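First up is the structure itself, then whatever we jot down about it.
Below you can see the structure in the form of structure tokens.
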């Protein structure tokens, strides 16, 4: 029981964090078709901006300015780089952002070094929200979850209930028609890219104060955000949320489960045979927890390439 | 050029009660059509009648919702495009659809080497395939593209790209060649030129052509079928179809030129 | 086409490569081995990317599998399970690369565009995350190691032996890949890159064709991996990392994915660049990223593409127009690079622990720092003037240089019909059948 409750809690929070980081990419990929490889690096940028501003002015200023800085960086990238190579196609855009990821990471490393930085939440937020099975559950985890949920609600309403959202969504399907109706598409694209980057920046500032902030934080998420976007489906915020929670729960459950394929064979009386074969059969589920998201992504790509909630490829 | 023998007067391509729906909308609503060997069959109809959908069904791009498509008597409905092509039906496209960064000769060579069984040949140089290369030259000459043989297909003039595109479909040596608006977007002179060319290079072949230009239909074809709202409303000799009241009402407006 | 104009420089280059070990220091000889392996990897990657338009983000999978296949074979030989000549060990890499290329490629090629890239990425990440926990096959986190056994009267103890082994396999593989472009399937690859849809309607099973081409690319990738394993006598799971896949993408596009030898050139240059600069500065990845982004922005067809453009368009006597403008461009570029490097390296030095300790010792004073063997005062006008002057002069001259070069280009290429330069990184727009 304890195991289930704690796993669910951790899984949900981890999933929400994943959603926070990938929400912006869902937006960018869905609306512009740009698979921004550097997305997780905007998350990293947000964390470091948050860290710097917490020292200079305080935690909340960091939280406020991190998305703005990341958003402005997004504007520059879209306006002066992506737009230039748009005519060469999406693969070229992917490559460009891929180089960009290197640059962001290395510039940050240049200033902050290769070690972790001590980015901390304010002390008054450092308390246990409640105690469960004699373990204190940190309030900040709930705070992160709340930010992610707020992000989801705002994005969802923005896309489905406002005029801007309708234009943006229409642009996904019929860019030329939207342009013919007098909407300035380049500006829409710039805003979408900036918005997506800003979301990543906010996620960085929020999560960086709880999880380690260091040079590897982007790489750790670099491919995982793709997994979320692909599983969730093109541009679907709801899909991204579901995918994130799925991955979060999957990882948190499998980390604690010492089950192997051989054990499953044991159920049908072939356990010792499978153990003798070894290799994949005896790998513990907990040790391959990190492979699970990629396995899921593969299955989705091969079986339902439009993703869980997507309606086209 | 060797044309596959198609039995003159026998049905080569037959559509039987063919239907296709997208969601709730039925685009093709029970089409029956027979294209006879050696026939030059035009498919006409107003915009949105379903001509392109019909072509996509025949060539294997879509699978029909119900009904049959027979090629030389064998069912091909729902087959993959490459299988249908190998069975002897080749299509051209309404939008120019060539390999833009390859030379004109190489564009044609893809068709020809495929038909001659070099689809996955790994251990022979293309230069050693002299039968293929001779045939490429032959096609270049017949299509009057010899002068452009080494130009990139993407650099050709629009009308030349359309000729090349048709030539690629033709070079797979099909029993039935289906052409999707071969003169779309061309000037008067270009149209005259390409219609003349098509007549010449498709001599003796079975043709199914979607065409808007009535004068093209009357010069190129000996049989016309009219598709309106997913149904064939008339089929017959051009002059008979022209005189048909239903056709005049539905499609041609008041007068046929 | 094989003719005197291409065969002579190639033979000369080959001759040079054969006598090279006589002149190289051990360190440089090792670098040369790694450069050739990287070049082979890039050529193999480009066979899928440049020829057939399949942008694989997971080629490290086949590189790593090739390496581990070779290591297991070498271990079997080492433990006298059976005999196998060391020079033939890359065949194991080729076989495993090809087999996995067929299986993985069968799945990946069901998708096109970025979705294809995502499938390849997922497959490689799957291996990367599985390998460290799979002791029997990949030796856990530490990996597996072995030694090169002597065979054919050569003991393969020295780097020179490894160099010739690598060179031999590089030449044979490169020749095979070159020959591949001349086969029907090689031509079909180009057609698939340009317009897969059309190929399907011409009677080709494009899924089978794409799988085969992908597997051939993986075959040579496996050879490269095996050569790396032979050179290092060891490998661990990090060979599967996204970083390794990323490197080959980077190198290929800097070299020019649309040309045959461009990727090899890019790989050699960037491997050498990494080797040199990683000893000199810790920011070398920043410089590498900058180079890549600049190439993507301003020369999307890569170095090979630029060379090809010149070879095709510049008239025989056109070069005399270009020499001076290109020298000017070089000067401008060097000025800007110098300014940038100065700033980056200064920041770097000023933020090192050693410098911070010095400052602490001097009670927080901004003590002078050392860079390029010189001493600079952090806040002296001279220190600030250097990069500002370099960048200022560079950026003033930049538009001038661009204008002059554009004019010279026109003069050097007049009378040659203008052809659109197709981008190398993307497939041409595909017209959907309507």
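Residue numbers (UniProt numbering), protein chains in the order written: chain Y, 1 to 313; chain L, 1 to 257; chain V, 1 to 434. All C-beta atoms, glycine included, are put in the ideal place defined by N, C-alpha and C. Nothing here was measured: the structure is a model prediction, and the numbers come from that model.
Beta-carbon proximity of residue 196/V to residue 206/V, cut-off 8 Å: Counted from its first residue, the third chain places residue 196/V at position 196. Counted from its first residue, the third chain places residue 206/V at position 206. The answer is yes: Cβ separation under 8 Å.
Segment limits, beta strand (DSSP E) that includes residue 210/Y: Position 210 of the first chain, counting from 1, holds the residue named residue 210/Y. Here residue 210/Y belongs to no beta strand (DSSP E), and DSSP marks it neither H nor E.
N-terminal and C-terminal residue of the beta strand (DSSP E) that residue 229/L is part of: The count along the second chain starts at 1 and reaches residue 229/L at position 229. That residue, residue 229/L, is in no beta strand (DSSP E); it is neither H nor E in DSSP.
Contacts that residue 118/L makes with chain V (C-beta to C-beta distance below 7 Å): Taking the first residue of the second chain as 1, we reach residue 118/L at position 118. Ordered by position in chain V, the residues that pass the 7 Å Cβ test against residue 118/L are 184.
Residue 229/Y versus 159/Y, 56/Y, 216/Y, 301/Y, residue with shortest Cα-Cα distance: If you number the first chain from 1, residue 229/Y lands on position 229. Out of 159/Y, 56/Y, 216/Y, 301/Y, 301/Y has the C-alpha closest to the C-alpha of residue 229/Y.
When 115/V, 61/V, 253/V, 175/V are compared against residue 299/Y, the one with the closest alpha-carbon: As a working mapping, residue 299/Y is identified with position 299 in the first chain. Ranking 115/V, 61/V, 253/V, 175/V by Cα distance to residue 299/Y puts 115/V first.
8 Å Cβ cutoff, residue 142/L in contact with chain V: Sequence index remark: in the second chain, residue 142/L carries index 142 (1-based). It does not; no Cβ of chain V falls within 8 Å.
Whole alpha helix (DSSP H) elements within the region 116 to 195 of chain V, 4-residue minimum: Counting only runs of at least 4 residues, the region 116 to 195 of chain V fully encloses the following alpha helix (DSSP H) elements, listed from N- to C-terminal order: 135 to 138, 159 to 180, 184 to 194.
Closer than 8 Å to chain V by CB, residue 209/L: Position 209 of the second chain holds residue 209/L. Using a Cβ-Cβ cut-off of 8 Å, residue 209/L does not count as an interface residue toward chain V, since no Cβ of chain V sits closer than that to its own.
Contact check, residue 170/L vs residue 146/L, beta carbons under 8 Å: Locating residue 170/L in the second chain gives position 170, counting from the first residue. Locating residue 146/L in the second chain gives position 146, counting from the first residue. The answer is no: Cβ separation not under 8 Å.
Residue 363/V (DSSP reduced to helix, strand or coil): Numbered from 1 along the third chain, position 363 holds the residue referred to as residue 363/V. The DSSP-derived three-state label of residue 363/V is coil.
Proximity winner among 63/Y, 124/Y, 102/Y, 192/Y, relative to residue 289/V (alpha-carbon distances): What you label residue 289/V is simply residue 289 of the third chain in a count that begins at 1. Check the Cα spacing between residue 289/V and each of 63/Y, 124/Y, 102/Y, 192/Y: the tightest is with 102/Y.
Segment limits, beta strand (DSSP E) that includes residue 43/L: Counted from its first residue, the second chain places residue 43/L at position 43. Residue 43/L -> beta strand (DSSP E) spans 40 to 44.
Complete beta strand (DSSP E) runs within the region 117 to 188 of chain Y (minimum length 3 residues, chain order): Given a length threshold of 3 residues, each whole run of the beta strand (DSSP E) inside the region 117 to 188 of chain Y is given here in chain order: 128 to 132, 135 to 138.
Distance between residue 286/V and residue 108/Y (C-alpha atoms, nearest Å): Within the first chain, numbered from 1, the residue matching residue 108/Y stands at position 108. Within the third chain, numbered from 1, the residue matching residue 286/V stands at position 286. Answer to the nearest angstrom: the Cα atoms are 10 Å apart.
Residue 159/Y to residue 168/Y span [Cα, whole Å]: Within the first chain, residue 159/Y is the residue found at index 159, counting from 1. Within the first chain, residue 168/Y is the residue found at index 168, counting from 1. Cα-Cα distance, rounded: 8 Å.
Backbone CA spacing between residue 31/Y and residue 87/Y [nearest angstrom]: Sequence index remark: in the first chain, residue 31/Y carries index 31 (1-based). Sequence index remark: in the first chain, residue 87/Y carries index 87 (1-based). Computed Cα separation, rounded: 17 Å.
Cβ pair residue 33/Y, residue 90/Y closer than 8 Å: Here residue 33/Y is taken as the residue at index 33 of the first chain, counted from 1. Here residue 90/Y is taken as the residue at index 90 of the first chain, counted from 1. Contact: yes.
Below-8 Å beta-carbon distance, residue 88/Y vs any chain V residue: Residue 88/Y sits at position 88 when you count from the first residue of the first chain. Closer than 8 Å: yes.
Meets three-Cβ-pair contact criterion under 8 Å: the region 230 to 249 of chain V and the region 137 to 144 of chain V: When Cβ pairs closer than 8 Å are counted between the two stretches, the region 230 to 249 of chain V is seen to touch the region 137 to 144 of chain V, the count reaching three or more.
Inter-residue Cα distance where the pair is residue 139/L and residue 311/V: As a position in the second chain, residue 139/L is number 139, starting the count at 1. As a position in the third chain, residue 311/V is number 311, starting the count at 1. A direct Cα-to-Cα measurement between residue 139/L and residue 311/V gives close to 31 Å.
Range of the contiguous alpha helix (DSSP H) that encloses residue 79/Y: Looking up residue 79/Y in the first chain gives position 79. From DSSP, residue 79/Y is part of no alpha helix (DSSP H); its letter is neither H nor E.
Residue-level contact to chain V via CB, residue 126/L, 8 Å cutoff: Counting from one through the second chain, the residue named residue 126/L turns up at place 126. So yes, residue 126/L belongs to the interface.
Chain-ordered neighbours of residue 307/V on chain L, where CB pairs are closer than 9 Å: Translated into the one-based positions of the third chain, residue 307/V becomes position 307. What residue 307/V touches in chain L: nothing, since even the nearest Cβ is about 18 Å away.
Alpha carbon of residue 19/V to alpha carbon of residue 164/V, nearest angstrom: Within the third chain, residue 19/V is the residue found at index 19, counting from 1. Within the third chain, residue 164/V is the residue found at index 164, counting from 1. If you take the alpha carbons of residue 19/V and residue 164/V, they lie about 10 Å apart.
The region 316 to 327 of chain V / the region 380 to 397 of chain V touching (three or more Cβ pairs under 8 Å): At 8 Å Cβ cutoff, the stretches do not touch.
Bridge partners - residue 13/L, DSSP secondary structure assignment: Walking along the second chain from the start, residue 13/L turns up at place 13. Its beta-bridge partners are 35/L, 71/L.
Chain V residues whose Cβ lies nearer than 9 Å to that of residue 183/Y: In the first chain, residue 183/Y corresponds to position 183, counting from 1. Within chain V, no residue has its beta carbon less than 9 Å from that of residue 183/Y; the closest one is some 23 Å off.
Simplified DSSP state of residue 374/V, which is helix, strand or coil: Along the third chain, read from residue 1 onward, the residue named residue 374/V stands at position 374. DSSP, read as helix, strand or coil, puts residue 374/V in strand.
The region 340 to 353 of chain V touching the region 109 to 123 of chain Y, judged by at least three CB pairs closer than 8 Å: With three or more CB-CB distances shorter than 8 Å, the region 340 to 353 of chain V counts as touching the region 109 to 123 of chain Y.
From 135/L, 103/L, 94/L, 96/L, residue whose alpha carbon lies closest to that of residue 114/L: To locate residue 114/L, count along the second chain from 1; it is residue 114. Shortest Cα-Cα distance from residue 114/L to any of 135/L, 103/L, 94/L, 96/L involves 135/L.
Distance CB(residue 243/Y)-CB(residue 308/Y) smaller than 8 Å: Here residue 243/Y corresponds to residue number 243 of the first chain, with the count starting at 1. Here residue 308/Y corresponds to residue number 308 of the first chain, with the count starting at 1. Yes. Within cutoff.
Neighbourhood of residue 238/L by C-beta, 6 Å cutoff - its chain only, sequence neighbours within 5 removed: Taking the second chain and counting its residues from 1, one reaches residue 238/L at position 238. These residues qualify, in order along the chain: 218, 224.
Close beta carbons around residue 445/V, own chain, < 6 Å, minus the five adjacent residues each side: Only positions 1 to 434 of chain V appear in the structure, and residue 445/V is not among them; the question remains open.
Chain-ordered residues of the region 212 to 238 of chain V with a beta carbon less than 9 Å from chain L: Cβ contacts with chain L: 212, 216.
Residue nearest to residue 218/V in terms of C-alpha spacing, selected from 42/V, 24/V, 252/V: To locate residue 218/V, count along the third chain from 1; it is residue 218. The shortest C-alpha separation from residue 218/V is found at 42/V.
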